[in-house]
């Protein structure tokens with residue numbers, strides 16, 4: 021018997037019925053920038069907007085994976101359906117399987133209401149900012165109440181990912197000078213909630229004081245969100261319920277203040293812009309096979325025109 | 021007395037007369053993506069194409085800065101006018117001054133026929149691939165016979181820079197396993213000439229053998245360039261004349277084989293494409309202040325459209 025592979029509408033219908041295999045298949049389509057991507061997005065979009073997207077970031081060694089896993093446990097205890105998207109901007113590897121240190125997630129692997137996915141976006145057309153929102157849309161449409169987006173490392177790409185979340189958690193650990201350093205490098209602005217993990221170690225209070233004084237320097241308007249600092253020991257589960265509670269408080273504040281709409285609108289604007297730029301870039305790349313671009317290059321090399329005028333001609337050509 | 025700042029045509033004329041201050045000012049305009057950039061490129065392009073662009077890359081610690089400086093000495097002894105462009109893709113700092121380990125360049129600082137410039141491109145519109153060709157054009161028009169483009173570190177950006185050179189030198193050092201590792205990661209393909217610096221240390225011959233056998237694996241057609249391996253001790257100047265001679269041999273081969281035209285055409289094609297994509301992106305960004313993009317985002321959030329269709333609308337709008 022031949023097994024026909026399901027159509028996109030079928031996959032979307034099944035994913036909405038929480039079929040894990042269809043969710044996985046849709047994320048793969050998204051990740052591979054499949055030609056079916058447009059159809060996927062068109063069918064999914066009407067069913068999105070319900071999930072609360074929580075970004076989790078922090079330097080290597082602060083316990084992101086352990087904290088994410090502990091948070092999944094806490095959210096499951098509240099009866100919430102949870103998606104986990106582990107994004108590694110530097111890795112060329114990906115897949116639906118549990119990868120590397122994702123091993124801590126294995127306790128959730130058999131839970132039908134937890135969907136865990138690793139995603140790598142290196143070398144992809146449009147990169148991280150392209151693939152992540154599409155994958156979030158799949159998990160959102162599949163009925164996740166909360167989606168935890170965990171990024172690897174702290175860098176510009178991670179800050180970008182964090183910027184796509186409704187709520188962003190920044191993890192630190194005591195005695196990691198680099199934790200605070202990272203905080204200085206843009207993380208301070210994107211963090212809605214700071215977690216000092218491994219708080220049973222020396223220096224947790226010191227880290228908290230330093231962080232608090234740095235946060236105090238940032239200007240805060242009337243009714244602005246005051247970023248809480250929570251101490252946790254994720255391996256023991258200590259403090260995790262408080263983190264979950266604070267996430268919920270932040271969500272409520274976001275809705276009340278209108279900030280949720282502001283952020284989501286900005287997120288979708290960025291997404292539309294990225295798709296548009298990628299589409300235009302693809303058209304240029306298509307022209308690369310064209311003699312026209314060769315001709316323009318020859319003219320520049322001969323000194324008959326300059327690259328800016330040549331670019332104008334190229335833009336007019338598409 | 022008021023001092024009018026010189027116009028772009030004046031700056032270009034003076035730069036062509038080898039006025040260092042005007043060269044510096046033009047590179048700053050390029051680096052800052054000044055609105056005058058188009059005018060700069062239009063006036064410079066007819067006067068370019070003479071300089072031989074030599075990319076110098078390699079892992080930190082192999083002695084890139086020392087080798088570059090020694091090479092400047094060797095080229096100066098041949099009576100050549102030399103430009104040095106030190107590109108740091110990760111640094112937000114730049115300027116005409118000698119920076120950090122550029123201190124070794126100071127012996128050339130008073131030489132009127134050596135132009136040294138550090139350039140950082142992080143965060144710039146279009147990034148490295150945008151700013152470097154423009155800066156090369158300035159140095160080319162200013163009468164440099166050879167331009168050495170030294171990059172910091174080995175990574176994708178460095179390989180990109182190397183790709184913009186007529187001749188690419190890859191520096192290694194004995195006993196640096198990572199040197200060969202880096203070679204594996206794309207550097208092997210871009211290297212036209214390999215230099216094993218610090219060749220008075222143990223393991224130089226071993227490194228040479230390993231490299232030779234790796235290079236032997238790469239397919240080479242009839243009349244193809246056979247990448248030479250030169251051993252140097254740059255701090256003493258040993259082997260540097262041979263490197264300079266090999267660079268010249270490569271240039272002659274490039275001209276004879278037609279490869280020079282092929283590479284330069286590809287380089288200009290890439291440049292035109294980058295400028296065109298950047299221009300289109302700028303138009304989208306301009307639209308960000310526009311209510312149209314907000315409106316499209318609202319429609320996506322409401323589920324009335326999807327981001328791909330919204331992007332189509334955006335593209336039609338420009």
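Residue numbers (this note's numbering), protein chains in the order written: chain A, 21 to 338; chain B, 21 to 338.
A virtual CB, placed ideally from N, CA and C, is assigned to each residue, including glycine.
- Against chain B, the beta carbon of residue 69 of chain A has neighbours under 8 Å at 321, 323, listed in chain order.
- Chain A has no Cβ within less than 7 Å of the Cβ of residue 237 of chain B.
- The three-state secondary structure of residue 216 of chain B, taken from DSSP, is strand.
- When C-alpha distances from residue 207 of chain B are compared across B:225, B:313, B:187, the shortest belongs to B:187.
- Proximity of the segment 261-270 of chain B to the segment 291-307 of chain A falls short of the contact definition, fewer than three beta-carbon pairs being nearer than 8 Å.
- Collapsing the DSSP output to three states places residue 277 of chain A in a helix.
- Your pair residue 105 of chain A and residue 35 of chain A does not check out as a contact, with CB atoms roughly 15 Å apart and the cut at 8 Å.
- Residue 300 of chain A has a beta carbon lying within less than 7 Å of a beta carbon in chain B.
- Identification of residues in the segment 278-301 of chain B having a C-beta nearer than 7 Å to some C-beta of chain A yields 284, 285, 288, 289, 291, 292, 293, 295, 296, 297, 299, 300, 301, given in sequence order.
- Exclusion of the five residues before and after residue 253 of chain B leaves 217, 218, 219, 220, 259 as the residues of its chain whose Cβ lies within less than 8 Å of its Cβ.
- DSSP places residue 338 of chain A outside any beta strand (DSSP E), giving it a letter other than H or E.
- For residue 330 of chain B, the neighbours in chain A by C-beta distance under 7 Å run, in chain order, 292.
- For residue 28 of chain A, the uninterrupted alpha helix (DSSP H) segment begins and ends at 28-36.
- By the beta-carbon neighbour count (other beta carbons within 10 angstroms, threshold 16), residue 312 of chain A is exposed.
- Within chain B, the residues placing a beta-carbon under 7 Å from that of residue 58 of chain A are 328, ordered along the chain.
- The beta carbon of residue 68 of chain B lies closer than 6 Å to those of 157, 160, 161 in the same chain, with the five residues before and after it left out.
- Taking each of A:170, A:225, A:210 in turn and checking the Cα distance to residue 194 of chain A, the smallest one comes out for A:225.
- The C-beta of residue 159 of chain B comes no closer than 7 Å to any C-beta of chain A.
- Residue contact check for residue 29 of chain B against chain A: no CB pair falls below 7 Å.
- For residue 313 of chain B, the nearest beta carbon of chain A is closer than 7 Å to its own beta carbon.
- Counting the other Cβ atoms within 10 Å of the Cβ of residue 85 of chain A gives 16 or more, which makes it buried.
- Looking from the CA of residue 77 of chain B, the closest CA among B:325, B:184, B:40 belongs to B:184.
- Listed by position along chain A, the residues whose Cβ is nearer than 9 Å to that of residue 207 of chain B form an empty set, because the closest Cβ is around 17 Å away.
- Put simply, of A:47, A:61, A:43 the residue whose alpha carbon is nearest the alpha carbon of residue 327 of chain B is A:61.
- Separation of residue 38 of chain B and residue 138 of chain B (C-alpha to C-alpha, rounded to the nearest whole angstrom) is 18 Å.
- According to the DSSP assignment, residue 50 of chain B belongs to no beta strand (DSSP E) but to the alpha helix (DSSP H) extending over 40-51.
- Residue pairing by DSSP places residue 170 of chain B opposite B:76, B:106 in a beta bridge.
- With distances taken between CA atoms, residue 331 of chain A lies nearest to B:150 out of B:52, B:87, B:150.
- When C-alpha distances from residue 165 of chain A are compared across A:153, A:133, A:246, A:192, the shortest belongs to A:133.
- A Cβ-Cβ contact shorter than 7 Å links residue 31 of chain B with residue 42 of chain B.
- Shown here, residue 326 of chain A sits in coil according to DSSP, grouped into three states, outside any helix or strand.
- When 9 Å is used as the limit between beta carbons, residue 187 of chain B is near no residue of chain A, the shortest such separation being about 17 Å.
- For the pair residue 75 of chain A and residue 53 of chain A, the Cα-to-Cα distance works out to about 23 Å.
- With its beta carbon less than 7 Å from one in chain B, residue 66 of chain A belongs to the interface.
- Under the rule that a run must span 3 or more residues, the beta strand (DSSP E) segments found entirely inside the segment 235-259 of chain A read 249-251.
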